[in-house]
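Numbering (the numbering used here), first residue to last: 30 to 747.
Ideal Cβ positions, reconstructed from N, Cα and C, are used throughout, including at glycine.
So the structure is just underneath, and the comments pick up after that.
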């Protein structure tokens with residue numbers, strides 16, 4: 030009320046409503062009018078829901094609700110394009126519940142609308158301070174530079190029509206980890222768009238999940254791995270394209286049967302460009318490193334992580350709600366299919382290893398929320414195992430155990446027992462390997478530049494001088510064949526499938542020309558992924574939950590294991606690997622059952638390398654009790670076998686009366702299906718009646734008179 034003079038009659042008149050009236054009666058008319066104007070402009074707390082900036086359009090009108098937690102500020106204003114960036118025109122009110130303030134400020138602003146820019150202006154320590162909205166969904170840029178503002182975003186306007194995707198089951202999940210910042214976008218305004226343009230490639234490769242390294246606004250204004258987030262609710266705008274570009278990417282993934290997993294960082298924030306730091310002016314009582322309301326302030330063990338960053342104070346209900354709401358936003362508003370949590374251990378434990386109960390409770394509550402409210406969504410931890418409701422966890426020890434065996438210069442020194450243990454058991458946490466682990470040879474941590482010069486691509490580790498050599502190619506694909514068929518959720522890192530030899534660097538774009546240069550390696554990964562996911566119906570055992578070693582031969586340097594499902598124990602897949610540069614001929618191997626075992630993948634096929642030998646069995650007949658058969662493998666090669674015969678070739682020939690569709694009679698059991706359309710998947714196919722089949726002893730055929738213009742045929746096992 031700066032317009033009023035300091036008068037004892039006015040001050041004394043504040044004791045009651047009547048005395049205020051009497052005091053105002055004695056004031057000049059102009060001052061009374063001014064008082065009424067000021068009273069009308071006094072802020073009122075919002076009764077509408079929503080944190081940050083939330084557009085509304087209801088029976089009472091339109092506008093934007095602003096809500097922020099700032100318990101130590103003396104006032105909060107919202108300057109923006111809607112009020113010409115006035116630092117006094119649009120105040121927020123203290124939210125009172127039963128007359129008690131909980132540190133939250135809010136107001137409904139009718140002049141604000143989606144697309145307009147804003148920022149908070151908080152008064153504390155005797156001055157005004159500009160701050161980003163910690164819950165802003167869209168920012169022009171992070172930090173305090175000129176033009177680095179928040180943007181009012183309406184999350185209800187994106188068109189999700191037709192997006193009814195369900196994430197794959199864990200036993201069918203195959204993850205492709207990627208960094209959005211490495212997708213070239215020089216002529217494209219968004220790296221999300223650039224990545225969207227590569228989704229057909231990923232679909233054809235066979236992966237059905239992409240795991241995005243953190244895409245939230247980060248503190249490094251240049252390139253970054255993304256593990257320094259500063260605006261936790263905002264998809265990066267400047268490089269990646271912002272929230273709508275992310276949603277478009279997710280929608281495009283879903284249209285191709287690909288799930289989207291986000292890498293989440295809540296064990297530390299920033300530290301660069303972090304407006305949450307000392308957000309409302311309070312740095313902390315007896316704090317070690319400052320930080321204020323969002324961060325622990327008790328002691329160095331809790332406050333500072335092992336990386337030197339500040340750990341969020343999850344014992345605060347407001348901070349815990351902030352984190353849980355963040356997960357809910359990506360699931361609900363952005364339709365993502367799950368998460369990979371960065372270092373959960375750092376969130377839940379102090380530097381001395383002491384457990385933080387509030388953090389464990391929060392992680393458990395978030396996973397319970399995910400599974401209760403979003404059925405089928407996936408939650409994966411980096412470094413805790415079988416705790417707090419996670420679906421799976423990275424087996425971080427696996428690559429560091431298996432890679433030294435692959436890179437050993439002497440075949441005689443390779444320890445096959447090490448490989449066998451890693452295949453059959455969880456390297457990081459012990460116990461039998463299962464879908465509770467994610468298994469991989471490369472990840473951003475394993476091959477990334479920020480972890481030092483020794484963290485290189487597998488082919489480079491095998492042959493630093495010539496990483497595309499025969500030896501590097503054969504050993505890396507052998508390692509992939511054994512790893513990605515082992516029990517667990519399989520994962521590869523971007524470029525692994527195209528023989529990338531360059532260390533991962535967030536400033537280095539993916540070299541997509543290598544998909545042509547090493548197309549045969551891409552084909553290998555395509556066929557390996559197809560086998561692991563049983564896409565051809567030939568290797569159902571690889572999606573099973575069981576694994577038994579058939580051979581661990583440290584003399585011949587050979588490993589063989591059986592993969593099957595406890596629900597279907599007769600549907601086995603056998604994986605055999607030769608870890609020497611020599612051909613292994615007629616090796617006597619015990620098989621799970623007698624009969625013919627058909628090779629579904631041979632990594633020595635010339636399909637996968639022009640200089641490969643195409644050495645290896647194509648069919649192995651096992652007999653006796655126990656059933657044994659002789660198997661041959663090429664150098665540094667793997668075979669995948671099953672008792673399901675490979676799909677026979679289908680021939681269609683034109684005749685005077687129409688078409689003849691034929692296929693070999695052996696192997697038997699294949700049935701012909703037809704479709705007039707390829708849209709709709711399996712539902713579009715119908716069985717051709719067996720009564721139409723004809724045979725001459727070597728082939729089966731049907732005759733088609735006057736076929737429709739569009740008719741498709743395929744062979745399928747019943």
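Just checking my contact of residue i with residue j at CB under 8 Å: how many whole Å lie between their CB atoms?
| i | j | result |
| --- | --- | --- |
| residue 527 | residue 469 | Not really, about 16 Å apart at Cβ, beyond 8 Å. |
| residue 18 | residue 150 | Residue 18 lies beyond the range of the chain shown here (30 to 747); nothing can be said about it. |
| residue 171 | residue 107 | The Cβ separation is near 19 Å, so there is no contact. |
| residue 464 | residue 518 | 6 Å |
| residue 719 | residue 669 | Contact doesn't hold; Cβ gap of about 31 Å is too wide. |
| residue 445 | residue 583 | 5 Å |
From residue i to residue j, what does the alpha carbon distance come to, in whole angstroms?
| i | j | result |
| --- | --- | --- |
| residue 197 | residue 565 | 17 Å |
| residue 146 | residue 739 | 54 Å |
| residue 225 | residue 281 | 7 Å |
| residue 296 | residue 375 | 6 Å |
| residue 746 | residue 693 | 14 Å |
| residue 503 | residue 472 | 20 Å |
| residue 300 | residue 84 | 30 Å |
| residue 495 | residue 409 | 36 Å |
| residue 360 | residue 395 | 12 Å |
| residue 229 | residue 285 | 7 Å |
| residue 135 | residue 94 | 7 Å |
| residue 75 | residue 173 | 28 Å |
| residue 87 | residue 398 | 29 Å |
| residue 303 | residue 255 | 14 Å |
| residue 699 | residue 744 | 6 Å |
| residue 612 | residue 587 | 11 Å |
| residue 211 | residue 734 | 54 Å |
| residue 113 | residue 351 | 30 Å |
| residue 578 | residue 590 | 4 Å |
| residue 467 | residue 265 | 27 Å |
| residue 425 | residue 703 | 46 Å |
| residue 175 | residue 478 | 32 Å |
Can you look up residue i in the DSSP assignment and give me helix, strand or coil?
| i | result |
| --- | --- |
| residue 143 | coil |
| residue 96 | strand |
| residue 746 | coil |
| residue 201 | helix |
| residue 326 | coil |
| residue 230 | helix |
| residue 12 | No statement about residue 12 is possible, as the shown extent of the chain runs from 30 to 747 and does not include it. |
| residue 379 | coil |
| residue 131 | strand |
| residue 386 | helix |
| residue 723 | strand |
| residue 340 | coil |
| residue 362 | coil |
| residue 575 | strand |
| residue 51 | Only weak support is given to the placement of residue 51: the predicted model assigns it a pLDDT of 30, under 50, and the value that follows is read from those uncertain coordinates. Three-state result, residue 51: helix. |
| residue 321 | helix |
| residue 561 | helix |
| residue 586 | coil |
| residue 308 | coil |
| residue 599 | strand |
| residue 406 | coil |
| residue 188 | coil |
| residue 217 | coil |
| residue 533 | strand |
| residue 523 | coil |
| residue 505 | helix |
| residue 627 | strand |
Using the rule of at least 16 other Cβ atoms within 10 Å of the residue's Cβ for burial, across every protein chain shown, is residue i buried or exposed?
| i | result |
| --- | --- |
| residue 664 | buried |
| residue 161 | buried |
| residue 324 | buried |
| residue 193 | exposed |
| residue 58 | Any reading at residue 58 needs caution, since the residue's pLDDT is 38, under 50, leaving its predicted position unreliable; the model's value is listed next. Per the 10 Å Cβ criterion, exposed. |
| residue 730 | buried |
| residue 205 | buried |
| residue 311 | buried |
| residue 741 | exposed |
| residue 435 | buried |
| residue 687 | exposed |
| residue 130 | exposed |
| residue 596 | exposed |
Fill in: Complete beta strand (DSSP E) runs within the region 442-492 (minimum length 3 residues, chain order)
466-468
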